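Student: Note that this note's numbering has the sequence shown beginning at 14, numbered continuously upward.
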Amino acid sequence: MKKLTMAVLIFLVIGGFIIAGQYNLNLIKSHDRGVFYPLFWEWNKKVAKNAIGVTGYVLRQDWLPGNESQKTNVSADVSGDIHEP
């Protein structure tokens, strides 16, 4: 859990640096911080919305293998050609 938390924090910090650099903001200045915070939180909302969308998509997928063929003794070589015994 600590690694996940660190990964998320590093992701957010790097994202913050990218936003500050993209808009040429000096975060030492109060005015620039006032511009940065809404941009940063809007970006966080977009990231969360995308993460929820991806999670929902993954959960809706059928992950169990289907019974595509009754053949059990089929193998393929490296070229992809199928050989039956």
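Quick reminder that beta carbons are idealized off the backbone N, C-alpha and C, glycines included.
On a predicted model such as this, the values are computed, not experimentally measured, just so you know.
In chain order, what residues of the same chain lie with their CB nearer than 7 Å to the CB of residue 38, ignoring the 5 residues before and after it?
Tutor: Result list for residue 38: 45, 48, 49, in chain order.
Student: Report, in whole angstroms, the separation of the C-beta atoms of residue 70 and residue 52, which I expect to be a contact under 8 Å.
Tutor: Actually they do not touch by this definition, with Cβ atoms about 27 Å apart.
Student: For the alpha helix (DSSP H) holding residue 45, just list the boundary residues, first then last.
Tutor: Start and end: 43–73.
Student: Pull up the distance between the alpha-carbon of residue 58 and that of residue 27, whole angstroms please.
Tutor: Looking at the two C-alpha atoms, the distance is approximately 16 Å.
Student: How far does the alpha helix (DSSP H) with residue 22 in it reach, from first residue to last?
Tutor: Counting along the chain, the alpha helix (DSSP H) containing residue 22 begins and ends at 15–35.
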